[in-house]
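Undergrad: Converting from the sequence shown to our numbering requires adding 205 to each position, the first position being numbered 1. Every residue, glycine too, gets a C-beta built ideally from N, C-alpha and C. Note that this is a predicted model, so its numbers are computed, not measured.
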Amino acid sequence: MSTLNKVQKLIQGSHDEVLMCKKWNVFYSSQLYRDANDKLWPTTHRYYFEGNPSFLCEYKNFADMERFPIIMLRDSLVTLAAFFLTNTIPPKKFKTIFLIPKRWSHIVPRSWRDNVASFEIIRPQAENPETVLAFGHFNDYSFWKDSPKKTFERVKSILPENSKKIFYVPMRDRSVFSHIDESPSYAECMRIIFQNFGSDIELVTDNNKILNVKLSSKDAYCDLTPDNLLCSDSYLHHWFGTKNIGELGGKKVEQTNNDLVYPLSLYHSICISKLQFDEQAFASLFYKTKVQKIPTDEANPGFHMFLKDLVKAGDLKI
Numbered sequence: 206m207s208t209l210n211k212v213q214k215l216i217q218g219s220h221d222e223v224l225m226c227k228k229w230n231v232f233y234s235s236q237l238y239r240d241a242n243d244k245l246w247p248t249t250h251r252y253y254f255e256g257n258p259s260f261l262c263e264y265k266n267f268a269d270m271e272r273f274p275i276i277m278l279r280d281s282l283v284t285l286a287a288f289f290l291t292n293t294i295p296p297k298k299f300k301t302i303f304l305i306p307k308r309w310s311h312i313v314p315r316s317w318r319d320n321v322a323s324f325e326i327i328r329p330q331a332e333n334p335e336t337v338l339a340f341g342h343f344n345d346y347s348f349w350k351d352s353p354k355k356t357f358e359r360v361k362s363i364l365p366e367n368s369k370k371i372f373y374v375p376m377r378d379r380s381v382f383s384h385i386d387e388s389p390s391y392a393e394c395m396r397i398i399f400q401n402f403g404s405d406i407e408l409v410t411d412n413n414k415i416l417n418v419k420l421s422s423k424d425a426y427c428d429l430t431p432d433n434l435l436c437s438d439s440y441l442h443h444w445f446g447t448k449n450i451g452e453l454g455g456k457k458v459e460q461t462n463n464d465l466v467y468p469l470s471l472y473h474s475i476c477i478s479k480l481q482f483d484e485q486a487f488a489s490l491f492y493k494t495k496v497q498k499i500p501t502d503e504a505n506p507g508f509h510m511f512l513k514d515l516v517k518a519g520d521l522k523i
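#1: Can you round the beta-carbon distance between residue 465 and residue 213 to whole angstroms, since I take them to be within the 8 Å contact cut?
#2: Can you check whether the CB of residue 239 is closer than 8 Å to the CB of residue 436?
#3: Could you say which of 486, 304, 492 and 432 lies nearest to residue 521 if we only look at CA atoms?
#4: Taking the straight line between their C-alpha atoms, what separation do you get for residue 423 and residue 360?
#5: What does the alpha-carbon distance come out to for the pair residue 516 and residue 327?
#6: Does DSSP classify residue 233 as helix, strand or coil?
#7: Look at the alpha carbon of residue 421 and the alpha carbon of residue 469, and state the distance between them as a whole number of angstroms.
#8: When you compare only the Cα positions, how much space is there between residue 372 and residue 281?
#9: Could you check where the alpha helix (DSSP H) with residue 216 kicks off and where it finishes?
#10: Considering residue 437, what are the terminal residues of the beta strand (DSSP E) in which it resides?
#11: Taking the alpha-carbon positions, what's the residue 304 to residue 320 distance?
#12: Rounded to whole angstroms, what's the CA-CA distance from residue 448 to residue 425? Just pull it up for me.
#13: How would you call residue 257, buried or exposed, if buried means at least 16 neighbouring beta carbons within 10 angstroms?
#14: As a quick exercise: from 446, 459 and 496, pick the residue whose alpha carbon is nearest that of residue 472.
#15: Alpha carbons only, please: which of 334, 286 and 400 is nearest the one belonging to residue 313?
#16: Closest to residue 438 by CA distance: which of 460, 209, 246 and 237 is it?
#17: Reducing DSSP to helix, strand and coil, say where residue 294 ends up.
#18: Measure the CB-CB distance between residue 340 and residue 434 and report whether it falls below 8 Å.
#19: Determine the DSSP secondary structure at residue 474, reduced to helix, strand or coil.
#20: Per DSSP, residue 306 is paired with what?
#21: Compare the Cα-Cα distances from residue 288 to each of 477, 298 and 260 and report the closest residue.
#22: Helix, strand or coil: how does DSSP classify residue 375 here?
#23: Of the choices 392, 277, 242 and 430, whose alpha-carbon is the least far from that of residue 253?
#24: Do residue 427 and residue 325 have their C-beta atoms within less than 8 Å of each other?
#25: Using a Cβ cut-off of 8 Å (strictly closer), state whether residue 345 contacts chain D.
#26: What residue range does the beta strand (DSSP E) around residue 331 cover?
#27: Tell me the DSSP secondary structure of residue 515 in three-state form.
#28: Please indicate yes or no: does the CB of residue 521 lie closer than 7 Å to some heavy atom of the ligand SAM?
#29: Name the two residues that bound the continuous alpha helix (DSSP H) containing residue 360.
#30: How big is the Cα-Cα spacing for residue 353 and residue 506?
#31: Under a Cβ-count criterion, where at least 16 other Cβ atoms within 10 Å of its own Cβ denotes burial, should residue 294 be classed as buried or exposed?
#32: Which residues in the same chain as residue 283 place their Cβ atom closer than 7 Å to its Cβ, once the five residues preceding and following it in sequence are excluded?
#33: Tell me the rounded alpha-carbon separation between residue 391 and residue 344.
#34: For the alpha helix (DSSP H) containing residue 490, list its first residue and its last residue.
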């Protein structure tokens, strides 16, 4: 049975004999990432889908993972790369299937072919919105590829000139990880926002108020930092998708007849497809960690800097 057929059977069937979704009172395997997830809230807030959306740090070990037949990983580059570089082959008789964000297919080794599929989210797109809510994470992990200046050049090109603009810019009292000073990135982004859009904007800095911003289907949202490397599946995208609020500047998902498409709400869906491996990309990444003696530990600052250097040099696609 193909991996997609297994996924289809798991999602569409009745499985009273197994746990399908991670419980809400999660015991994190890493206190560091528990703290990071808390600081990134509401991006990392949980939501329900039969595919079990969750993060790697929510599982203590493989035995914990095996309690669930399917796990939709919301992780991004840092934790996914650490996981697959450390676990280049799955444990024997490991049956759990991972759904991996499609953009990270190239960091998955082929030895996992029987246990992985890829996914993308199909979201409503916006045209000529009356109001645009723009949000993002102004930390170092959002600007490994493009500088804040280049990032906001893209934003300015897609935000309609006559639309009301609301910027959600959460003020953090500390860094996501203690070894990274985020204040320069935050200050630079705020400077660029006022430089490009003036003072005729509304700022939301309180995390607890972001989900209360009143938007309708005539409005839109815009992800200022889609290249954030800590979370690939933001709850804010999910939340606004359930409200039929379109995205500005989002990527259009290309579907094939073999893909599986399931609703996440009345207005947005998940598209699950066969994972396309890039053996050369993973082999190159694995080789570099061995040659440079880089510990493949998601909690190690040296591993983060290693990935950042590869991205900056153009040696790792994001």
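TA: In terms of the structure at hand:
#1: Looking up residue 465 in the sequence shown gives position 260. Looking up residue 213 in the sequence shown gives position 8. With a Cβ gap of about 6 Å, residue 465 and residue 213 count as contacting.
#2: By 1-based counting over the sequence shown, the position of residue 436 is 231. By 1-based counting over the sequence shown, the position of residue 239 is 34. No. Outside cutoff.
#3: Translated into the one-based positions of the sequence shown, residue 521 becomes position 316. Ranking the options by Cα distance to residue 521, first place goes to 486.
#4: For this step, residue 423 is matched to residue 218 along the sequence shown. For this step, residue 360 is matched to residue 155 along the sequence shown. Whole-angstrom Cα-Cα distance: 19 Å.
#5: On the sequence shown, position 311 is the one that residue 516 refers to. On the sequence shown, position 122 is the one that residue 327 refers to. Distance between the alpha carbons of residue 516 and residue 327 is about 27 Å.
#6: Here residue 233 is taken as the residue at index 28 of the sequence shown, counted from 1. DSSP places residue 233 in coil when its eight states are reduced to three.
#7: Here residue 421 refers to the residue found at position 216 when the sequence shown is read from its first residue. Here residue 469 refers to the residue found at position 264 when the sequence shown is read from its first residue. Their backbone Cα atoms lie some 19 Å apart in a straight line.
#8: Looking up residue 372 in the sequence shown gives position 167. Looking up residue 281 in the sequence shown gives position 76. Each residue's alpha carbon lies about 24 Å from the other.
#9: Reading the sequence shown from its first residue, position 11 is the one you call residue 216. First-last of the alpha helix (DSSP H) with residue 216: 208–217.
#10: What you label residue 437 is simply residue 232 of the sequence shown in a count that begins at 1. Taken as a continuous stretch (DSSP letters only), residue 437 belongs to no beta strand (DSSP E), as it is neither H nor E.
#11: Translated into the one-based positions of the sequence shown, residue 304 becomes position 99. Translated into the one-based positions of the sequence shown, residue 320 becomes position 115. Their Cα atoms are separated by approximately 9 Å.
#12: For this step, residue 448 is matched to residue 243 along the sequence shown. For this step, residue 425 is matched to residue 220 along the sequence shown. If you take the alpha carbons of residue 448 and residue 425, they lie about 10 Å apart.
#13: On the sequence shown, residue 257 is found 52 positions in, with the first residue counted as 1. Per the 10 Å Cβ criterion, buried.
#14: Taking the first residue of the sequence shown as 1, we reach residue 472 at position 267. Cα-wise, what sits closest to residue 472 is 446.
#15: By one-based count along the sequence shown, residue 313 stands at place 108. Comparing Cα positions, the closest option is 286.
#16: As a working note, residue 438 is residue 233 in the sequence shown. Closest by alpha carbon: 246.
#17: Numbered from its first residue, the sequence shown carries residue 294 at position 89. Coil, per DSSP.
#18: Taking the first residue of the sequence shown as position 1, residue 340 is located at position 135. Taking the first residue of the sequence shown as position 1, residue 434 is located at position 229. Contact flag unset, no.
#19: Walking along the sequence shown from the start, residue 474 turns up at place 269. Strand.
#20: In the sequence shown, counting from the first residue as 1, residue 306 sits at position 101. For residue 306, which the question treats as bridged, DSSP gives the partners 324.
#21: Within the sequence shown, numbered from 1, the residue matching residue 288 stands at position 83. The candidate whose alpha carbon is nearest that of residue 288 is 260.
#22: Taking the sequence shown and counting its residues from 1, one reaches residue 375 at position 170. Coil at residue 375, not helix or strand.
#23: Residue 253 sits at position 48 when you count from the first residue of the sequence shown. With distances taken between Cα atoms, residue 253 lies closest to 277.
#24: Residue numbering aside, residue 427 sits at position 222 when the sequence shown is read from its first letter. Residue numbering aside, residue 325 sits at position 120 when the sequence shown is read from its first letter. Not closer than 8 Å, so no.
#25: The chain labelled as chain D is not found in the depicted structure, where only one protein chain is given.
#26: Indexing the sequence shown from 1 puts residue 331 at position 126. Segment: none, residue 331 is in no beta strand (DSSP E) and carries neither H nor E.
#27: Taking the sequence shown and counting its residues from 1, one reaches residue 515 at position 310. Helix at residue 515.
#28: In the structure on display, the ligand SAM does not appear, and there are no ligands present to speak of.
#29: For the purposes of this step, residue 360 is identified with residue 155 of the sequence shown, where counting begins at 1. It spans 353–363 - the alpha helix (DSSP H) in which residue 360 sits, taken as one unbroken run.
#30: As a first step, residue 353 is located in the sequence shown; it is residue number 148 there, counting from the start. As a first step, residue 506 is located in the sequence shown; it is residue number 301 there, counting from the start. In a straight line, the C-alpha of residue 353 is about 22 Å away from that of residue 506.
#31: Taking the sequence shown and counting its residues from 1, the one referred to as residue 294 is at position 89. Its Cβ having fewer than 16 others within 10 Å, residue 294 is exposed.
#32: As a working note, residue 283 is residue 78 in the sequence shown. Around residue 283: 434, 435, 503, 509 and 512.
#33: Counting from 1 along the sequence shown, the entry for residue 391 is found at position 186. Counting from 1 along the sequence shown, the entry for residue 344 is found at position 139. One C-alpha to the other measures close to 7 Å.
#34: Taking the sequence shown and counting its residues from 1, the one referred to as residue 490 is at position 285. 484–496 is the extent of the alpha helix (DSSP H) around residue 490.
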